[in-house]
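Numbering (my numbering), first residue to last: 632 to 823.
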Amino acid sequence: MKRVSLGDDADNKTTDEQQDVQLSRRKFLSSAGAAVVSVSLLGGGILASADAWAKGALDKHASSTLLLMARDLFPNDDLEDIHYAKIILPMGEKATEDSSLKKQLNDGASELDKRSMKHFGKKYIEVKKEKDRVVVLEEIESTEFFGTLRNAVMMGIYNNEELWPRFGYGGSSWEKGGYLHRGFDEIDWLKG
C-alpha cells in the first residue's frame with residue numbers, strides 16, 4: 632500500500648489541513664473505473680432515457696427514429712442531441728394521452744423505415760448519410776406527420792431562449808425599446 636498525500640509538500644510540513652489518504656492500487660482502479668462509467672452515463676443520459684421517453688406511447692426504435700428525423704429536419708452541428716430530445720420527449724408524453732398523435736408518430740416512424748428499406752435496404756436510423764435520409768424525407772414532406780414534426784422541432788429549437796445565444800440572437804428588442812438603439816446596425820452575425 633502506498634501513501635498519497637493531498638496537499639502541497641513543498642516544505643515537507645504537515646499541517647492539520649493536509650490529509651494522508653491510504654490508496655491501494657485496487658481501490659484506485661475501482662474508483663477510476665466508477666468515474667469512467669459515471670461520466671459515460673451522464674453523457675448519454677438523455678439518450679438512455681429514450682427507453683422511457685413516452686412510457687409506452689413510442690417504442691425505443693420509434694423514439695430514435697424521430698430524434699434522427701428531428702436532427703435531419705433542422706441540422707446543426709453545434710447542437711447536441713439533448714436539445715432535439717427535449718422536443719421529442721413532450722411529444723411522446725402527449726402521445727400517451729392522445730391516441731391519434733400516438734398513431735401518427737408510430738406510423739410515421741414506420742413509414743420512414745418502409746421508404747428507407749425501398750431505397751437503401753435498411754431502416755431510416757441505419758442510413759448513415761444525411762443526404763440519403765433527406766431523399767426519404769422529401770417523399771413524405773406533404774404528409775401531416777412531417778408537418779407535425781417539422782413544426783414541433785422548428786418551434787422547439789428557435790423558440791428556445793436557452794439556444795438563442797448559440798445562433799447569435801439576442802432576443803426580442805420590443806421590450807427594450809426596439810432595434811433603433813439595440814442591434815439595428817449590427818451585422819457581425821452575418822457570416823461571409
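A virtual CB, placed ideally from N, CA and C, is assigned to each residue, including glycine.
Of all alpha-carbon atoms in Asp703, Gly723 and Gly752, the one lying nearest the alpha-carbon of Lys691 is that of Gly723.
Using a Cβ-Cβ distance cut-off of 8 Å, the stretch 723 to 740 and the stretch 799 to 818 are not in contact, since fewer than three pairs of beta carbons, one from each stretch, lie closer than that value. Contact holds between the stretch 740 to 758 and the stretch 691 to 711, because three or more Cβ pairs, one in each stretch, are under 8 Å apart.
DSSP places Trp805 outside any alpha helix (DSSP H), giving it a letter other than H or E.
In the structure shown, Ile818 adopts coil according to DSSP, grouped into three states. Burial check for Tyr789: the Cβ neighbour count within 10 Å stays below 16, so the residue is exposed.
Under the three-state reduction of DSSP, Thr779 is assigned to helix. The three-state reading of DSSP puts His714 in helix, counting H, G and I together.
With a contact defined as Cβ atoms closer than 8 Å, Asp703 and Glu761 qualify at about 6 Å. Around the beta carbon of Ser695, 16 or more other beta carbons sit within 10 angstroms, so the residue counts as buried.
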